[in-house]
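**Q** Residue numbers (our numbering): 513 to 761.
This is the structure I have questions about; it appears just below.
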């Protein structure tokens, strides 16, 4: 029987990856789509209100988009209208070919899968937008499970719900500490930490810098998700529990 601390024989079999900014390069489309949505609700581009709202969008990258709009627009009807406009605008940009895989992302996912790990892709977007991104990249069959906030009870990041939903639905590991999480935002880091994941890796291909990722709980900070398979291999070779891995990060 494997002991609770036998990390060499009990590897990281579940890997939960963010999409936009982590595995998907979208070149700032979130801000463009937000501006289109805000304008539809009467917020003039270039105004002080627009600047204030855009600053909040940047600060909360990774959060469920409907949650962001609830904060910005107050009542549920306006928030839902803004969210619909955002999803439509983002979808149009995706259809126009404005997204691409982060270099090495697909190869990293395929390597992780070849090593017997279950990879799950998560997003703060609604399901139609997530599906549009997957279709545009030809990733519909890349991983066995993709999750958006609605798939995990409606709460997106910084709540741990999507990571825990991946843990429960896949049954890939018996201990959530044997989960590796990667993302490009502070909310990705908070979500991973709150879930109890053993590796919470920040990547520098998206919204937030190394200092911000570290301050919000990153155990490691990588140049990109392409480096994640090697990081996981090193952590397993060291056979260290999560606390020790954090100390060495």
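Backbone N, C-alpha and C define an ideal beta-carbon position, used for all residues, glycine too.
Tell whether a beta-carbon distance below 8 Å holds between residue 737 and residue 580.
**A** No; because the gap between Cβ atoms is not below 8 Å, this pair is not in contact.
**Q** Going by DSSP in three states, residue 557 sits in which element: helix, strand or coil?
**A** Three-state DSSP puts residue 557 in coil, outside helix and strand.
**Q** Would you say residue 530 and residue 696 are within 8 Å of each other, going by their C-beta atoms?
**A** Taking 8 Å as the Cβ cut-off, residue 530 and residue 696 qualify as a contacting pair.
**Q** Using the three-state DSSP reduction, which class does residue 530 fall into: helix, strand or coil?
**A** Three-state result, residue 530: strand.
**Q** Whose C-beta lies closer than 7 Å to the C-beta of residue 730 among residues of the same chain, with five residues either side of it excluded?
**A** Taken in chain order, the residues that qualify are 701, 712, 713, 714.
**Q** Given a threshold of 16 other Cβ atoms within 10 Å of its Cβ, counted over all protein chains shown, does residue 541 qualify as buried or as exposed?
**A** It is buried - the Cβ of residue 541 has at least 16 other Cβ atoms within 10 Å.
**Q** Would you give the residue range spanned by the alpha helix (DSSP H) that residue 535 belongs to?
**A** Taken as a continuous stretch (DSSP letters only), residue 535 belongs to no alpha helix (DSSP H), as it is neither H nor E.
**Q** Return the CA-CA distance between residue 728 and residue 707, expressed in angstroms with no decimal places.
**A** So the alpha carbons of these two residues sit roughly 13 Å apart.
**Q** May I have the straight-line CA-CA distance separating residue 652 from residue 571, to the nearest angstrom?
**A** Cα to Cα, the separation comes out at about 30 Å.
**Q** Out of curiosity, what's the CA-to-CA distance linking residue 624 and residue 694?
**A** When rounded, the distance between both Cα atoms is 13 Å.
**Q** Rounded C-beta distance between residue 629 and residue 527? I'm assuming under 8 Å.
**A** Right, their Cβ atoms sit about 5 Å apart.
**Q** Going by DSSP in three states, residue 611 sits in which element: helix, strand or coil?
**A** DSSP places residue 611 in coil when its eight states are reduced to three.
**Q** What are the residues that DSSP puts in a beta bridge with residue 639?
**A** BP columns for residue 639 are empty, so no partner.
**Q** Is residue 645 closer than 8 Å to residue 692 when the C-beta atoms are compared?
**A** It is not a contact, given that the beta carbons lie outside the stated cut-off.
**Q** In whole angstroms, what separates the C-alpha of residue 584 from that of residue 563?
**A** C-alpha separation (whole angstroms): 12 Å.
**Q** With a 10 Å radius around its C-beta and 16 neighbouring C-beta atoms as the bar for buried, classify residue 742 as buried or exposed.
**A** Residue 742 should be labelled exposed.
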